[in-house]
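In terms of the numbering used here, the sequence shown opens at residue 4 and continues consecutively.
Note that beta-carbon positions come from the ideal geometry of N, C-alpha and C, so glycine has one too.
Computed from a predicted model, the values in this text were never measured in an experiment.
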Amino acid sequence: MLVLDAVLTEELAALEGTRRRRVLRASARGGAATVKRGEREYISFSCNDYLGLSQHPAVKAAAIRAIEEYGAGAGASRLVTGNCPLYAELESLLAEMKGTEAACVFNSGYAANLGVISALMGKQDLVLFDRLAHASLIDGAMLSGAAWLRFKHNDTADCERLLAGARAAHRRCMVVTETVFSMDGDRAPIAALLEVARKYDAWLLTDDAHGFGIFNGSPASPPAHLQTGTLSKAVGAGGGYVCGSQPLVEYLHSAARPLVYSTGLPPAVIGAALAACRLMREEAELCAMPLRNAAFFCGLLGLPAPESAVVPLVMGDEARALDAAARLEEAGFLAAAIRPPTVPPGTSRLRFAFSALHREEDIERLAALIRVAGWCRR
Ligand SMILES: *Cc1c(COP(=O)(O)O)cnc(C)c1O
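Here it is in C-alpha cells:
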C-alpha cells in the first residue's frame, strides 16, 4: 500500500539530502526595495518589481478604483462574463507599446506561455527552445504534444542546424526564446533568430518577462511573430500577455485553454497593470534606472557590464549558493539562491535583480560583502 504521507515524507527527505528542497517564507513587501520577514527588514535584490511600480501611489489608487467600480473578483471566465472593460484598454496599450496589431491578456505570464504554445502547436509540429528557456515555455510545448528539441544557449547556428535536420518532417514549427534570460541576465540574438526562423518557415516566439520596462523605447524587441511577457515583474501588478497579429489574438480567444477555462483576472489587477503601463510609457528616466544600478554593482566588483537588470553570481553546487545567500541574509540582504532544476546542475547561483528603488549606498555595501567573502573570482 502506498501511504500518501509516507511517500511524500521520503520525497522531502530526498530533496533535503540534495539541498533542493524549497520552502515558503512569509515576506511582507512595502515601501522601497525592502522585504520584512518576521521582525527583520531586508534590502531585497530578489524582487522582480524592477521599477517599484507595485508600490507606486498611482498604481495602488488605480487598483482601488477598479475594485470600487467593478468589485473584487471577475466572476467568470473572460469568455463568459469575466471580460472587465479594463481589459480592452490594457490590451490596446500593450499592443501599442509592443508595436503589434493586438494583444491578449492572460492570468499570468505562465498562463500566457502555456496558452499560446499549446493553442498553436500539436502532434505533427516541432518546437525548438533555447536550452535555458523558462519552464512555462517548455510546459506549453509539453501540453501541446509537439515534438521538441533544445538548441545551445543563444546559439543561432545550433538552432539552424536543428531546423535543417528536423523541420521538413513536421507541419508547423516554432522557435522559442527569452529576450532577457531570467537567471543569467543575458539577451538573445533576436534579429538573427528571426532570420533563421523565417528561412525555415518557422514562427519565432520571444518571452520579454525581464525586458519589458527595462528596454522600452530602444529596439530591444524586433518584431517576433509572437511576443509574450508578464505584467507581474516591471509592471508590478499581475497577469501576462501575448502580443501579435489580430488573427492570432482572435484565435487565442477560442483555443488557449488557460484563457478559456479559467476565471478572468480580478479588476484591481487589470486596473493596476493599466496604470503601471501608462507610467512606464511616460517615465523613460525611471525605466533606465535598473540597468544603471546593475552596471554600478558590476563596476564595483569588476564584473563585465550587465546586459540587463539581472546579474548572476555563479557559485557551483547547491550548498555553496545556499550558504552564500544565508550569509547575505545575516547582513540584511535578500538574494535568492537559485538551484537546479531552475538552472543546470553545477551552476547554482546568487541572482541579483536590480530595481530603480535601490540606493547607491546599499549597492556599495552589498558589493563590499561579496568582495570580502571572495565570491567574485575577478
Ligand atoms: C516570471 C517568468 C514567467 C512567468 O510570469 P508570471 O507572470 O510570474 O507567471 C514567464 N517567463 C519568464 C521568462 C519569466 O521569468
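query: Contact set for alanine 359: own chain, Cβ-Cβ below 6 angstroms, skip 5 residues either direction; result: Leu54, Gly55, Leu289, Met292, Pro293
query: Check whether alanine 105 and alanine 98 have beta carbons under 7 angstroms apart; result: yes
query: Any heavy atom of ligand 1 nearer than 6 angstroms to the CB - residues listed; result: Ser111, Gly112, Tyr113, Asn116, His137, Ser139, Glu181, Ser185, Asp210, Ala212, His213, Thr233, Ser235, Gly243
query: Environment of alanine 16 [buried if 16+ CB atoms lie within 10 Å]; result: exposed
query: For valine 26: DSSP bridge partner residues; result: Answer by DSSP bridge pairing: none, since valine 26 is not bridged.
query: Identity of the residues DSSP links to alanine 75 by a beta bridge; result: Answer is none; alanine 75 lacks a bridge partner.
query: Glycine 247 vs alanine 114 beta-carbon contact at 7 angstroms; result: no
query: Exposure of threonine 180, with buried meaning 16 or more beta-carbon neighbours within 10 Å; result: buried
query: Span separating the alpha-carbon of methionine 124 from that of leucine 140; result: 12 angstroms
query: Span separating the alpha-carbon of alanine 144 from that of valine 252; result: 19 angstroms
query: C-alpha distance - isoleucine 70 paired with alanine 77, whole-angstrom precision; result: 10 angstroms
query: Cβ-based neighbour list, valine 183, same chain, cut-off 6 angstroms, excluding 5 preceding and 5 following; result: Arg190, His213, Gly214, Ser311
query: Extent of the continuous beta strand (DSSP E) run through phenylalanine 355; result: 351-356
query: Range covered by the alpha helix (DSSP H) that runs through isoleucine 46; result: Segment 43-47 is the beta strand (DSSP E) holding isoleucine 46; no alpha helix (DSSP H) there.
query: Range covered by the alpha helix (DSSP H) that runs through arginine 368; result: 363-376
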